[in-house]
Ligand SMILES: [Zn+2]
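Residue numbers (my numbering), protein chains in the order written: chain A, 2 to 524; chain B, 268 to 714.
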C-alpha cells in the first residue's frame with residue numbers, strides 16, 4: 002500500500018497538507034448525476050474528498066451511455082445514482098461514497114433540513130425555481146452551494162455562499178514586501194554597513210540589490226526634497242544612476258537592482274483592496290464575528306499604530322545575487338521584523354477575543370502567523386442570493402454586457418439559459434428537445450427571451466436570431482465534452498472553497514463553447 | 268423522421284443532425300456525418316497522462332470510434348490523483364495500454380490502439396494515417412517534435428496557399444497547477460508550435476558558480492548535491508532520479524550543505540521537486556483543458572460549430588480567467604513554411620548531401636536520416652535499416668529522387684548546441700540546378 006502522500010504528491014505541492022486535510026474532512030452532496038455532476042465528483046474523488054452523497058431519482062437509459070463515463074451497458078434500467086456512485090468509488094477507496102435514489106426536486110420540496118449535514122452542495126441541471134429554493138435552504142443552513150449546468154454548447158457555474166474569506170489567496174504575481182523606500186531602523190542600519198563604492202570588486206558584486214536600492218533610494222530622496230522618482234523621466238534617471246555605480250559589466254547584482262527599481266517607485270502604505278477590507282462593517286466585532294474578522298480588526302489597529310500605515314511585514318525575500326553570508330543576514334533582519342509585527346498583532350487578537358468574552362487562545366498562533374504573512378493578500382468574496390440577482394438585477398451592467406462585443410454572446414446565453422427554464426415551465430419541454438420542425442419553438446423561445454429581458458428591466462433589448470436558433474438546436478443536450486469542462490470548473494471552485502485557498506470566482510461563469518469566449522458576469 | 272429507438276448518441280445527435288447558424292463552413296448535418304465520424308475519422312492522442320486519460324474518455328464520448336494513443340511511460344503512484352483510468356494495482360504497467368483498455372471496457376464500440384513507445388520510434392508515415400493529432404504532453408521537446416512531423420506533410424501550391432489535403436490539424440493542451448492552455452494548429456493556416464515558441468520560455472538554470480560558491484536558497488543546496496557533489500563522489504555512476512536511494516543521498520547532502528551555510532527549507536519533497544522538475548498537477552485543470560481540446564477536435568472533424576481561433580489560456584488561481592488570443596503565423600517559420608530551399612547539382616551524392624545539412628547555417632542538422640516520398644534513402648538506425656540503406660550513400664541524390672527536378676525531402680536528425688541536443692524533423696525543398704522544368708518563378712520566395 003503506497004503512502005497517500007505519494008498518491009497526492011502533485012496536488013500537495015499546490016494546496017499543502019492543510020488544504021488536503023480540509024478536503025478529507027469535507028462532505029459533498031451532488032444533485033443529479035448526469036455527466037456534469039459525475040465529472041464534477043470524479044475530480045473531487047480523485048483528489049481525496051472526505052465523502053460524497055449522490056442524489057438522483059432517474060434510471061439509466063441507453064442515451065445516458067453516450068455522454069456519461071460513469072455508466073456502462075450493464076447499468077441500463079438501474080438507478081443512476083447507484084451506478085454512478087459505484088464507478089466513482091472505484092477511483093479512490095479512501096472516499097466514503099453514498100447514494101440516494103430520489104429526485105433532488107422532491108428533497109428540496111419535502112425535506113429542506115436534509116441539506117444541513119453537508120459541507121457543500123453541488124446542484125447540477127436544476128431548473129430555476131428549484132435553484133432559488135435550494136439557494137435559500139443552503140444559505141440559512143450555512144452550507145456552501147455551487148450550481149452547474151451544461152446545455153448544448155453553453156452552460157454556467159455560479160457559487161452561492163454568504164461570505165467566503167481567504168487568507169492564503171496565493172496570487173501568481175505580487176509585489177514583494179521589501180520596504181526599500183521606507184526601511185525600518187534595523188534594515189537601515191544594516192544597509193549603512195555597506196559602502197557602494199567599496200574598492201574590492203568581489204565585495205562590490207556581492208552586495209545584494211536590496212541594499213543597493215535602499216541606499217540609492219535614500220540618496221535620491223535626499224537630493225529631491227524627500228520625494229521618490231515619479232515621472233517617467235525621473236525613473237529613467239534613477240536607473241541611469243544605478244547603472245553609473247557599476248564597476249564591471251558582469252555585475253548581476255546591479256542588473257537585478259535596475260530590473261527591480263520599480264519596487265522603489267511603489268508608494269508606501271496599503272493597497273486599496275486591503276483598505277476596503279479594513280473598512281468593512283464586519284470589523285465592528287460582535288460575539289458572532291468569525292476568527293477572520295477578529296484578526297482583521299487587530300490588523301486595522303496595527304496599521305493605525307505600530308504599523309505606521311503598513312501591514313505586518315511578510316518576512317521573506319526573493320533570491321538575489323549576493324554572498325551567502327550577506328544574504329542570510331539580510332533574511333534574518335526581515336524575519337525578525339516579521340516576527341515582531343506578528344507578535345503585536347497576536348497581542349491585539351488576544352485582547353479582542355477577551356473583550357468579546359471568548360477564550361483568548363482560541364485562535365492558534367499558527368493561524369495568526371499565517372494571517373500576518375498573508376495580510377496584504379486577504380480576500381473577501383460575497384455572493385448575492387440567486388433570487389436577489391434575478392429580481393433586483395443591475396440593469397446598467399446587463400445593458401453594458403449586451404452591447405459589449407466581448408460579452409454580448411455570454412450575456413445572451415445568460416438570458417437564454419433562464420429563458421429555456423421558463424419555456425419548460427410553460428410548455429413542459431425544452432425548446433428543440435424533440436425532433437421535428439423547430440420554427441414554433443424558435444418563435445416561442447424568442448418571445449420568452451424578450452419577456453426575461455423585460456423582467457430584468459431591459460425593455461427594447463433583443464438577442465440575435467443566430468443565438469436563439471442555436472439554443473433551440475441544442476435541445477437541452479448534455480454533451481460530454483461540455484459537461485467535462487463545466488464539471489471541471491465546478492470542481493475547481495469546490496476545491497478553492499473547501500481549502501480556503503486561492504480565490505473563487507465572483508459572479509456567474511458563462512461557458513461559450515462556440516468560440517470559447519467564455520465570460521464571468523457580475524450581476 | 269427520426270424514430271424514438273434508444274440511441275447512445277441522443278445528445279450528440281442534436282449537434283450533428285441539425286442545421287445550425289453558428290457553424291463551420293464545411294458543416295453538412297445528417298446521419299451520414301455522424302456515421303462518417305464513427306467510421307472514418309481516425310484520431311491520435313499523444314500522451315496517456317493527466318491530459319491523455321481525459322482526452323481518450325472525452326473523444327470516446329464525442330462520436331469518435333477509431334482512436335490510437337502513444338506514450339512511453341509506465342504508471343506511477345503519483346499519477347493516481349488525476350489519471351483516473353489507472354488504479355493502484357496498475358502501477359508499473361504501460362500507461363497507453365491500461366488507458367486504452369479501460370476506456371474500451373467502459374464505452375462499447377470504441378476501438379483504441381495503444382502504442383507503448385517513444386514518439387520518435389514511429390515512422391513519420393505512422394502519423395500521416397490520422398485525420399487529427401491531439402497532444403496531451405508536458406514537454407516542449409515532444410510538442411516540438413510532433414508539430415514538426417504534422418507540418419512536414421504540408422505542401423504548398425505555387426501561389427503559396429497550403430494544399431488542403433496535406434493539412435494535418437493538431438489540437439494541443441497543457442496544464443500547470445490551476446493554469447492551462449488549449450490551442451488549435453492548422454498548419455499553413457494558423458501558427459504552428461514553432462511560430463510561437465516564445466510562449467514557452469526555456470527553464471532558467473542556476474549558474475554553477477552560485478551553486479558552488481554562494482548558495483542562498485534550499486534549491487541551491489539541492490542542486491549542488493545533485494549536479495556537483497554526486498559526480499565528485501560517485502565517479503562514473505550516473506544519477507537516477509527514479510532510484511529512491513539516489514534521491515535520499517542527494518537530500519541528505521543538501522541538508523548538510525544547508526546547515527553549513529545556515530540556509531533553511533530543505534525537505535525531501537522539495538528535493539524531489541527540484542531534481543525531477545516536478546510540475547504540480549490536479550484533476551480539475553486537466554479535465555477543463557482536455558474537454559476544450561476534445562470539443563475542438565469534434566468541431567474540426569465535423570464543422571458542427573466555429574473553431575477556437577486559435578489559443579485559449581485558462582487561469583483559475585484568482586477567480587476564473589479565460590482568454591482567447593488569435594496569434595499569427597510566422598511567415599518565415601522553418602517548420603510550417605514551405606520548407607528550407609536547397610539547391611544542388613545533380614552529381615551530389617547522398618553522403619555529401621547529409622554532410623551539407625550539418626554545415627547548413629539554418630539547419631545545423633547532424634546524424635540525418637533521409638526519406639523521400641515515404642521511401643527510406645538512408646536511415647541511421649536501427650542497424651538493419653542502416654545496413655540496407657548504406658549503399659545509397661554513394662549514389663547521386665538526383666538519381667535516388669527519380670530524377671525529379673524539384674521535390675520535397677524529409678530529414679530527421681539532431682540539432683542544437685552540445686549541451687542540449689534535440690531530435691528534430693525538417694522538410695526540405697530540393698531543387699537540382701540545370702534541369703529542365705525549373706524556372707525562376709519556382710525559385711522565387713525560396714529559402
Ligand atoms: Zn510555424
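Note that the Cβ used here is the ideal one computed from N, Cα and C, for glycine as well.
Computed from a predicted structure; not experimentally measured.
Cβ neighbour criterion (16 or more within 10 Å) applied to residue i
i: residue 155/A; result: buried
i: residue 174/A; result: exposed
i: residue 3/A; result: In this prediction, residue 3/A has a pLDDT of 49, which is less than 50 and means its spatial position is unreliable; what the coordinates show is noted afterwards. Under this definition residue 3/A is an exposed residue.
i: residue 475/B; result: exposed
i: residue 485/B; result: buried
i: residue 286/B; result: exposed
i: residue 346/B; result: buried
i: residue 107/A; result: exposed
i: residue 411/B; result: buried
i: residue 41/A; result: buried
i: residue 502/A; result: buried
i: residue 226/A; result: exposed
i: residue 349/A; result: buried
i: residue 510/B; result: exposed
i: residue 682/B; result: buried
i: residue 21/A; result: buried
i: residue 424/A; result: buried
Residue i (DSSP reduced to helix, strand or coil)
i: residue 270/B; result: Confidence in residue 270/B is poor, its pLDDT being 48 and thus under 50, which makes the residue's placement too unreliable to answer from.
i: residue 343/B; result: coil
i: residue 601/A; result: Summary: the structure shown does not reach residue 601/A, with chain A confined to residues 2 through 524, and so no result is reported for it.
i: residue 88/A; result: helix
i: residue 472/B; result: coil
i: residue 498/B; result: helix
i: residue 529/A; result: Beyond the ends of chain A as shown, which are 2 and 524, falls residue 529/A; an answer cannot be given.
i: residue 54/A; result: strand
i: residue 702/B; result: coil
i: residue 374/A; result: helix
i: residue 307/B; result: coil
i: residue 659/B; result: helix
i: residue 620/B; result: helix
i: residue 283/B; result: helix
i: residue 563/B; result: helix
i: residue 598/B; result: coil
i: residue 364/A; result: coil
i: residue 434/B; result: coil
i: residue 93/A; result: coil
Distance between beta carbons of residue j and residue i, contact taken as under 8 Å
i: residue 380/B; j: residue 367/B; result: 7 Å
i: residue 542/B; j: residue 522/B; result: At roughly 14 Å, the Cβ-Cβ gap does not stay under 8 Å, so residue 542/B and residue 522/B are not in contact.
i: residue 392/B; j: residue 641/B; result: 6 Å
i: residue 530/A; j: residue 304/A; result: Absent from the model: residue 530/A. The displayed extent of chain A is 2 to 524, so no value can be given.
Residue nearest to residue i in terms of C-alpha spacing, selected from the options
i: residue 521/A; options: 502/A, 472/A, 407/A and 190/A; result: 407/A
i: residue 340/B; options: 479/B, 386/B and 530/B; result: 386/B
i: residue 446/B; options: 547/B, 327/B and 626/B; result: 547/B
i: residue 594/B; options: 604/B, 583/B and 576/B; result: 576/B
i: residue 125/A; options: 298/A, 246/A, 257/A and 29/A; result: 29/A
i: residue 689/B; options: 433/B, 532/B, 409/B and 513/B; result: 409/B
i: residue 231/B; options: 660/B, 302/B, 680/B and 697/B; result: Nothing about residue 231/B can be reported from this structure: the residues present for chain B run from 268 to 714 only.
i: residue 280/A; options: 267/A, 294/A and 269/A; result: 294/A
i: residue 409/A; options: 127/A, 13/A, 516/A and 95/A; result: 516/A
Any chain E beta carbon closer than 8 Å to residue i
i: residue 375/B; result: Absence of chain E from the displayed structure is noted, the protein chains being A and B.
- If you pair each beta-carbon of the stretch 111-125 of chain A with each one of the stretch 60-70 of chain A, do three or more pairs fall below 8 Å? no
- Segment contact, 8 Å Cβ cut-off, at least three pairs: the stretch 276-296 of chain B with the stretch 557-574 of chain B: yes
- Message: Below 8 Å, how does it come out for the stretch 435-454 of chain B and the stretch 549-566 of chain B: are there three or more Cβ pairs, yes or no?
- Response: The count of Cβ pairs closer than 8 Å, one atom from the stretch 435-454 of chain B and one from the stretch 549-566 of chain B, reaches three, so the stretches are in contact.
- Message: Pairs of beta-carbons, one from the stretch 459-468 of chain B and one from the stretch 493-502 of chain B, closer than 8 Å: are there three or more?
- Response: no
- Query: Does the stretch 340-357 of chain A come close enough to the stretch 232-251 of chain A to have 3 or more Cβ pairs within less than 8 Å?
  - Reply: no
- Query: Any contact of the stretch 431-450 of chain A with the stretch 458-478 of chain A, i.e. 3+ C-beta pairs under 8 Å?
  - Reply: yes
- Message: Three Cβ pairs or more, each shorter than 8 Å: is that satisfied between the stretch 184-195 of chain A and the stretch 206-225 of chain A?
- Response: yes
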